[in-house]
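Enquirer: Dropping a structure here in structure tokens format, bear with me for questions.
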Amino acid sequence: MDIRFENAGVDYGIRTALVPLSLTLQEHRIGVIGLNGSGKTTFARLINGLVKPTTGRIVVDGLDTVSDAGAVLGKVGYIFQSPQNQIILPIVRDDIAYGLKARGYDKSRIEAAVDGILDRFGVRHLAARRAHELSGGELQMAALCSVLVTGPDILILDEPTNQLDLRNRALVQKTMATLPENVIVISHDLPLLEDFERVLVFDQGRLVVDAPAAAAIARYKEMAA
Amino acid sequence: MQTLHVDVDTWLHRLTPRVKLLALAALGVVLFLTQSVPLLACANLVGAGLYFRAGLSIRDALRRLRPILISIAVLAVFAALVGPLHAAIVTALRLTALALFAATVTATTSTAAFIDEITALAMPVEKVSPLKAADIGLAIGLVIRFVPEILDRYQAIREAHQARGIKVRLVTTLAPLIILTLRDADNIAAAIDARGIRRQ
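Line by line, the protein sequences give chains A and B. Take the first sequence: its position 51, counted from the start at 1, is 87 in the numbering used here, and no numbers get skipped. Take the second sequence: its position 111, counted from the start at 1, is 1220 in the numbering used here, and no numbers get skipped.
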């Protein structure tokens, strides 16, 4: 993975969501923390092109997030804060298949890919379940499958443990630890990020700390105190 | 996310979505061509017979129909006030029959099947316009997906009013309902884009 921010920023005129910054992300697991409204979600959404920079540019593995938007979306998967908003079809299997169907895959390839992703995470039992009947952790797993089935190299998770009980949080943490994909996690759940290679701290739209997890988290705690 | 589809196996479920949708369209045309009260009453009986065999409990079946039946009743009362009674009765029977048939199709067809079928039926549109058939299928699928969500949200807003001892009024429930619905619509649109569904 090679994500380059080249003086990239977002200014909505009445407020600056992200002060222009330049950095390169190559680590396997990167955490993003900051107080509410600090710009961390804008930062993450810039990476998959959901938000366009008003200055500078972002390059993901050689692809510009604006001019190569379609290819970038295929490369960067994104799991939102509320996975229930991400799940389009009511039945888990149908929803996982939908992203592949939209890409024009044939039926047998879709079936194989859906079975493959469900088996990879040991959640074949969720296939026929209705999304609204799932627990928070199961919903996260369903969202994870629906995104990873399309084969992105990079996965962004926005508050993946938000509103989860301890058991479901442990499930999500365990799953994240085993993902071979590069992972960028936005979270207020600091213990979740403790063993990450790199953590970025945002404050008022500005990147203020960029350090290994222990140092960044300690600094963030000082800032928030 | 809830669904309007009832996951049981009846002969109505086994009919292909295309047959159901085309039959619904044909019935819609026939219902609007006739002014006969006995014929429209028969259509209501047939519609009710099918709807109550779609696998729903009586309570759920009635709960689903309540909002549309209230709307039809309001419309019929208004029509009776401003026009002949016969026209009001015809309007009410016509719309009720259509609602029953449409609710039957919705209850017996999964959202995925709906999207696939609408997409297939919309393919000719793609050839003569810039619209994409997949987008039309997705849009209709999302409407079906949203209905129970909006009803749940309305219920939550009602309960919040009651918990605070505030009288539930249309004007005070409508604004938060619209805002919450639009916010969720934004999030869902972002998720659709993030999953690359519309850009392929």
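Heads up, the beta-carbon is just placed ideally off N, CA and C, and yes, glycines get one too. This one's a predicted model, so the numbers in the text were calculated from it and none came from an experiment.
1) Beta-carbon of Q1309 of chain B versus every beta-carbon of chain A: anything under 9 Å?
2) Can the beta-carbon of K88 of chain A be found closer than 9 Å to that of F238 of chain A?
3) How many Å lie between Q1309 of chain B and S58 of chain A at the Cα?
4) With 16 other CB atoms within 10 Å as the buried threshold, where does D1169 of chain B fall?
5) Starting from A44 of chain A, trace the beta strand (DSSP E) in both directions and tell me its first and last residue.
6) Can you find a CB in chain A that lies within less than 9 Å of the CB of R1175 of chain B?
7) Can you name the residues of chain B whose CB is closer than 7 Å to the CB of N84 of chain A?
8) Use the C-beta contact count for W1120 of chain B: other C-beta atoms within 10 angstroms, 16 or more gives buried, fewer gives exposed.
9) I want to see whether chain B comes within less than 9 Å of N121 of chain A, judged by CB atoms only; does it?
10) Taking its Cβ as the centre, do 16 or more other Cβ atoms sit within 10 Å of T1281 of chain B, making it buried, or is it exposed?
11) What does the alpha-carbon distance come out to for the pair G1137 of chain B and R1127 of chain B?
12) Kindly indicate if chain B contains any beta-carbon less than 9 Å away from that of I66 of chain A.
13) Establish whether the CB of D130 of chain A and some CB of chain B are separated by less than 9 Å.
14) I115 of chain A and A179 of chain A look like a contact to me (Cβ under 8 Å); what is the Cβ gap, rounded to whole Å?
15) Using a Cβ-Cβ cut-off of less than 8 Å, list which residues of the stretch 1289 to 1300 of chain B approach chain A; keep chain order.
16) Whole angstroms are fine: how far does the CA of R1307 of chain B sit from the CA of R145 of chain A?
17) Please state the DSSP three-state secondary structure of L1165 of chain B.
18) With 8 Å as the C-beta to C-beta threshold (strictly closer), list the residues of the stretch 1253 to 1284 of chain B near chain A in chain order.
19) Which ranges would you report for the beta strand (DSSP E) in the stretch 171 to 199 of chain A if only whole runs of at least 3 residues count?
20) Helix or strand or just coil, what does DSSP make of Y114 of chain A?
21) Considering only DSSP beta bridges, list what G67 of chain A is partnered with.
22) Here's the rule I'm using: 16 or more other beta-carbon atoms within 10 Å means buried, otherwise exposed. How should V1237 of chain B be labelled?
23) Could you give the DSSP three-state label for V1277 of chain B: helix, strand or coil?
24) If we define contact as Cβ-Cβ less than 9 Å, is V183 of chain A a contact residue for chain B?
25) Within its chain, find whatever has a CB closer than 6 Å to the CB of D246 of chain A; leave out the 5 residues flanking it on each side and keep chain order.
26) Would you verify that the beta carbon of T1313 of chain B is, or is not, closer than 9 Å to some beta carbon of chain A?
27) For the alpha helix (DSSP H) that contains P1257 of chain B, what are its first and last residues?
28) Does the distance from the CB of E233 of chain A to the CB of P248 of chain A come in under 9 Å?
29) Touching or not, the stretch 191 to 211 of chain A and the stretch 126 to 141 of chain A, by the rule of three or more beta carbon pairs under 8 Å?
30) Shortest alpha-carbon distance to R65 of chain A belongs to which of A:A251, A:A261 and A:N218?
31) Name the DSSP bridge partner or partners of V95 of chain A?
32) Cβ closer than 8 Å: which chain A residues qualify as neighbours of I1306 of chain B?
33) At which residues does the alpha helix (DSSP H) containing D1225 of chain B begin and terminate?
34) Applying the criterion that 16 or more other CB atoms from any shown protein chain within 10 Å of the CB defines a buried residue, is I1224 of chain B buried or exposed?
35) For chain A, find out if any of its Cβ atoms is closer than 9 Å to the Cβ of T1220 of chain B; answer yes or no.
36) Chain A beta carbons: is any one of them nearer than 9 Å to that of A1150 of chain B?
Expert: The answer reads as follows:
1) In this prediction, Q1309 of chain B has a pLDDT of 47, which is less than 50 and means its spatial position is unreliable; what the coordinates show is noted afterwards. At least one chain A Cβ lies under 9 Å of Q1309 of chain B.
2) no
3) Residue placement at Q1309 of chain B is poorly supported in this model, since its pLDDT is 47, which falls under 50; the coordinates still yield a value, given next. Roughly 30 Å between the two C-alpha positions.
4) exposed
5) I39 to D47
6) no
7) A1303
8) exposed
9) yes
10) exposed
11) 15 Å
12) no
13) yes
14) 5 Å
15) D1293, N1296, I1297, A1299 and A1300
16) 20 Å
17) coil
18) R1254
19) 190 to 194
20) strand
21) A:V221 and A:V235
22) exposed
23) coil
24) yes
25) L236
26) This structure cannot settle anything about residue 1313 of chain B, because the visible part of chain B is limited to 1110 through 1309.
27) A1242 to A1272
28) yes
29) no
30) A:N218
31) A:R40 and A:D100
32) I124, Y134, G135 and A138
33) T1220 to L1230
34) buried
35) yes
36) no
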